[in-house]
Every structure is written in structure tokens, then in C-alpha cells.
Amino acid sequence: MNRRFVRSALLASAAALLTLFFGAAPALAAAPDPSAAATAMKNGRLYIDPAMSSQVPGDSEQRLKETLAKADPPVHLAIIGPREVSSPQQAHQFLDTVQQQVGAGGTYAGLFGNDLIALSDTLSTQELNQLVEKASTAGDTQTDKLVEFIGLVDEENGGSSNAASGGGSMAGSILIGVLVLGLIGGGFFLYRSRKQRMAREAEEMAKVKNVAEEDVTRLGEDIAGLDIDLTRSDLDPDTRQDYTRAMDSYDRAKGSLEAAQRPEQLKPVTEALEDGRYFMTATRSRLAGDPVPERRAPCFFNPNHGPSAQDVMWAPPGGAPRSVPACAADAEAVLAGYDPDARMVEVGGGRRMPYYQAGPAYAPYAGGYYGGFGDMFGGMFAGMMIGSMLTGGFGGFGMGGYDAGMQDGGGGGDFGGGGDFGGFGDFGGGDFGGGDF
11 MNRRFVRSAL LASAAALLTL FFGAAPALAA APDPSAAATA MKNGRLYIDP AMSSQVPGDS
71 EQRLKETLAK ADPPVHLAII GPREVSSPQQ AHQFLDTVQQ QVGAGGTYAG LFGNDLIALS
131 DTLSTQELNQ LVEKASTAGD TQTDKLVEFI GLVDEENGGS SNAASGGGSM AGSILIGVLV
191 LGLIGGGFFL YRSRKQRMAR EAEEMAKVKN VAEEDVTRLG EDIAGLDIDL TRSDLDPDTR
251 QDYTRAMDSY DRAKGSLEAA QRPEQLKPVT EALEDGRYFM TATRSRLAGD PVPERRAPCF
311 FNPNHGPSAQ DVMWAPPGGA PRSVPACAAD AEAVLAGYDP DARMVEVGGG RRMPYYQAGP
371 AYAPYAGGYY GGFGDMFGGM FAGMMIGSML TGGFGGFGMG GYDAGMQDGG GGGDFGGGGD
431 FGGFGDFGGG DFGGGDF
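Following this note's numbering, the numbering of the sequence shown begins with 11 at its first residue and continues without gaps.
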């Protein structure tokens, strides 16, 4: 374990306890750079970009500070102007640099114009996304939603940001003892939180890999079901070639799956599966004497359905309508007002949901299927949890002010999808809705 980081974490634990007992100093008014944000957060866990100070009333600022001060492990928050950061990578780098300069673990959240991104070494991507989604329904203002998010993070970590803090001489008399215990336990907490994070990552990877494995198996069954004898002398050469390509794609997908250890390593798997599905469609068309269809993107609702037949207008629950490619059956269902046959995946707790709503861990999985079709998938996944990782941006980023609401946040962390950013903890984000402070 890095001794310097442990020492920083221990000192940060003491600083957090001092903040808890004695309150937070006002955030410094400075330019929106990591050093200024880190300085402000060391004093009060809250940084407000000077350009945004006029939009955050004093009572809202105080309310945020008080809520942040009660969170343990700590939660830090930055409120940045809408055009200070232009990509998820930059947003992640900003928060990651702030975390390094602050020197404390916990959760770091940033409100960048319309978007929320959170990094954490105590909560997984899935947990962060769920908390953002839950907080998005709280109250009428952005302050209400942020306060709710901070409280939910604290509750998920086993704390209680709504609990009354101790006061008076009692706090002073026990402060030294608490600090000593905090310093002793800090190293263990750091080790435990990293161990928990690794366990969560392994669990998420197992879920996504299982989904990809099911897709590989289905392609293999489809190929075996056709059972073409390639040695037949009367077999059309183009049919033989397409069927051979389908089998080669299956072998490539299977090999990539066996080697995959992280979610981003599943992208080659689904790239090969997209190839295989198209070549199976071409093979069937040739056998039936029909024209080989153009190579279109896979069905958005379930890539296992193969190449799409047409584009249809569709909207996710609570989201904006968008054009998506659909197979003939799903297109008919959507146009008739019925639900499509979506690819369902497990997200924990026995719950299942469509893959496109299951979080950023599925971004490489989806990226392999749709990455070869230009930037069309940017619009398809806009406003969804995996959208920012596929497009390299935050859905709706930089469009309007705070009252436009937060669109889908995303960012770095140890997952890939939009690149392996490395650094601190897991990431998450989501749509908070609109409202002023």
C-alpha cells in the first residue's frame, strides 16, 4: 500500500472529523481550477465557481455545506459553470485532480453546467447511478436534489447525514479520543474500501461478461442450427463464404470472451458478434434466393435480433424521443404502441432491465455492436446511463443554464467504454431534472 497515500488519507480523516465537530469555513472565491476547488473543499467540502456564485443563494450554499459536513465518509461537491468543462474526460480529470490535492477518500461530485458526475472509492458505478436517479425526484430545486443525493450517499455508506451532531463541551472532551481512533482506523478503512471496490468491480464484470457469453452461445446455436455442409459441390460460393465468415466471427467472439478481464475488453466480443449476425442474415438470404440486405446497425432493443430492418421513433421511460434501428418485429411492436422485445440483463437484487438502462459497465458491450456505424448511436443512447461513455460526452452537455437540469453524467474511473482513465474510484451520473437553486 502506498505509504504517502495512506498518510494523506489518515490526515484527511482527522480533517473530516474536525470539520464535523467545528463546522466548515466559507469556500474561497477563485477561478474554477482544481487547486482553487481543492482549497475550498479542504475548508468546507464545497466549491462554487465564482461565475456561478450569483446563481446559488446564500441559504442554499449554507444548506449544502451543512449537509456535506455531516457526511462520513466525506462527500465533496463542486458547482462549475456550464462551459468550463467540455468532455467527460476533462470532468473526470478535474475531480480526480481535486481528490488528489484534497487527499481524502470518499465521494467527489461535480455539477458541470447541466451535468452531474460523481467519483467514489466507497460506492460502485451502479450504486452511484441509482442514487442519482433516486435523488432526481426530490424537491423542486437543484439544492433539494443535491442535498438528497449527499444524504443518500451518506446513508449508503452507513452514515446518517440527517442525524444531529454532538455539541458543546461533550464534543470538545471527546475530540482527541475520536481523532486518535480515526487515525488508527484510517488505514483499515482505506484497505477495506479498496477491497470492497474490487469486489464490486468483479461482480459487475461477471454480470456483463455473462450477458456477452449468452450472446456468443446464441450465435453458435444459430450457426449450428443452419448446419450447412461446406463440402457440397452445389453450394453457392458466396453462401459458403458468408457462412464461413459467420463461423469465424463466432470463434473470434469466443476467444475474445475467454480473454476478457474487464468490461472494456468485451467490446471486441460484440464487434465479432455483430459481424457474425450480419453474415448469418446474408447466408439465409442467399439460401432463400433473396437479395442480401444492406448492412445496417443491429436492432437497438436486442442486438441478438440481428441487423435492423428500419428506423423507428422511440422514447425510453421519461426520456426524449429518438430514432433507433429496429428489427422488423420490434419495429412493428413500437409502431403499434407496444413494448419491444428488449435484451434484459440482471442488475442486482434479482432485478432485470434493458441493457441500455443498466449503467456504464455496459458501454463497451453496446459499443462493440454499434461502434462501426458512425456517430448514430450518440443520439440513440442520449439521456441513458451508458450514453456518455459511448459518445464521449454528457448528453446535452453545455446546453443552457442550471434551470435546464442535469443530463446524463459520466466519466472516468477504472471502467473503459470512453477510455480507461484510471485514477480514483468508480464513477456514475444521471439525469437530475430541472429547477433553480
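Heads up, the beta-carbon is just placed ideally off N, CA and C, and yes, glycines get one too. These numbers come from a predicted model, not from an experiment.
- Of the other Cβ atoms in all chains shown, fewer than 16 fall within 10 Å of the Cβ of D239; this residue is therefore exposed.
- Between F289 and R255, the C-beta gap is smaller than 7 Å, which places the two residues in contact.
- Sequence-distant partners of A341 (beyond 5 residues in either direction) whose C-beta falls short of 7 Å from its own C-beta, in its chain, are A319, Q320, V322.
- By the Cβ neighbour-count rule, Y348 is exposed, with fewer than 16 other Cβ atoms within 10 Å of its own.
- As the crow flies, the alpha-carbon of F104 is around 22 Å from that of Q152.
- For T117, the uninterrupted beta strand (DSSP E) run begins and ends at 117-122, by DSSP.
- Nearest to Q275 by C-alpha distance, out of A216, L78, P327, E231, is A216.
- Around the beta-carbon of M257, 16 or more other beta-carbon atoms lie within 10 Å, marking it buried.
- The criterion of a C-beta distance shorter than 7 Å is not satisfied by Y372 and P308.
- The alpha-carbon of W324 is positioned some 41 Å away from that of L245.
- For M257, there is no enclosing beta strand (DSSP E); the enclosing alpha helix (DSSP H) covers residues 247-269.
- The Cβ atoms of V355 and V221 sit closer than 7 Å to each other.
- Counting the other CB atoms within 10 Å of its CB gives T147 a total below 16, which places it among the exposed residues.
- When C-beta atoms of the stretch 57-70 are compared with those of the stretch 133-148, fewer than three pairs fall below 8 Å, so the two segments do not count as touching.
- Of the residues assessed, T227 falls on the exposed side of the cut-off, its CB having fewer than 16 other CB atoms within 10 angstroms.
- Rounded to the nearest angstrom, the gap between the Cα atoms of L133 and E223 is 27 Å.
- In the three-state scheme derived from DSSP, where H, G and I count as helix and E and B as strand, P374 is classed as helix.
- For L56, the enclosing beta strand (DSSP E) has its first and last residue at 56-58.
- In the DSSP assignment, S70 falls within the unbroken alpha helix (DSSP H) covering 68-80.
- Collapsing the DSSP output to three states places V344 in a helix.
- The closest CA to that of N167, considering only E137, L156, V157, D154, is found on E137.
- Assignment of R228 by DSSP, reduced to helix, strand and coil, places it in the helix class.
- V85 carries a strand assignment under DSSP once its states are collapsed to helix, strand and coil.
- In this structure, the straight-line span from the alpha carbon of G116 to that of P317 is close to 44 Å.
- Here S45 is exposed: its Cβ has fewer than 16 other Cβ atoms, across all protein chains shown, within 10 Å.
- The alpha-carbon separation between Q140 and L345 amounts to approximately 30 Å.
- Following the DSSP letters along the chain, one finds M290 inside the alpha helix (DSSP H) bounded by residues 277-298.
- Where L141 is concerned, the enclosing alpha helix (DSSP H) starts and stops at 135-145.
- CA-CA distance, V66 to D43, rounds to 19 Å.
- Cβ atoms of D164 and A88 stay farther apart than 8 Å, at about 18 Å.
- For G161, the three-state secondary structure derived from DSSP is helix.
- Residue burial is scored here from C-beta neighbours: S70 has at least 16 other C-beta atoms within 10 angstroms and is therefore classed as buried.
- Rounded to the nearest whole angstrom, the CA to CA distance from L129 to A50 is 18 Å.
- For L126, DSSP records a beta bridge to L121.
- If you draw a straight line from the Cα of G359 to the Cα of P273, it comes to about 20 Å.
- Straight-line measurement puts the Cα of I58 at about 12 Å from the Cα of G123.
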